[in-house]
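Written below as structure tokens is the structure these notes are about.
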Amino acid sequence: KRSKKSYYGNTAEARKMQRSNLIPGGKDERRKIQGARYDCWWELSALKDKQSIFEVYENDRASEDVSEEELKREDRLNNWWGELALESKISIYKKVMSRLTKESRSKIFKDILLERSSPLDLQLSL
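Following this note's numbering, the numbering of the sequence shown begins with 2 at its first residue and continues without gaps.
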């Protein structure tokens, strides 16, 4: 049996291409699916986590250093997230997830899968 290396090589770019080929559809459809995954993660995040992410990304400060009056409401945070480019969403997601334990990440992934098996799948198919 041939190894994966013999098909794709072992460079970082080759592994990235191999992973991207696992998502069906053309490039635009893949970006749409990928964006939906990050949007789903954002929707499932707690308000306090969203505020922390916003403050670190936009103002380079911790949410604990922000007064109650300055904290953004959830609809404002959701609008901000929606305006971000996909690359920025990916960067934020990776930074947040890298700080979590393996168990915490597993729980988040399960929540996303459960969420995707309901209304989000219908939106993606439209």
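All residues carry an ideal CB built from backbone N, CA and C; glycine is no exception. Predicted model only: the values in this text are computed from it and were never measured.
Contact check, residue i vs residue j, beta carbons under 7 angstroms
i, j, result
"residue 36", "residue 78", "no"
"residue 48", "residue 112", "no"
"residue 58", "residue 90", "no"
Whole-angstrom distance between residue j and residue i, CA atom to CA atom
i, j, result
"residue 72", "residue 33", "30 angstroms"
"residue 18", "residue 53", "33 angstroms"
"residue 65", "residue 95", "22 angstroms"
"residue 43", "residue 62", "20 angstroms"
"residue 67", "residue 15", "43 angstroms"
"residue 92", "residue 102", "18 angstroms"
"residue 114", "residue 41", "9 angstroms"
"residue 12", "residue 80", "37 angstroms"
"residue 110", "residue 82", "19 angstroms"
"residue 99", "residue 70", "30 angstroms"
"residue 30", "residue 84", "19 angstroms"
"residue 27", "residue 106", "28 angstroms"
"residue 104", "residue 60", "30 angstroms"
DSSP state of residue i mapped onto helix, strand, coil
i, result
"residue 38", "helix"
"residue 61", "coil"
"residue 101", "coil"
"residue 69", "coil"
"residue 27", "coil"
"residue 92", "helix"
"residue 77", "helix"
"residue 131", "Past the boundaries of the shown model lies residue 131; the chain is included only from 2 to 127, so the question cannot be answered."
"residue 114", "helix"
"residue 53", "helix"
Nearest candidate by alpha-carbon position, reference residue i, set the options
i, options, result
"residue 55", "103, 75 and 106", "75"
"residue 50", "28, 30 and 97", "97"
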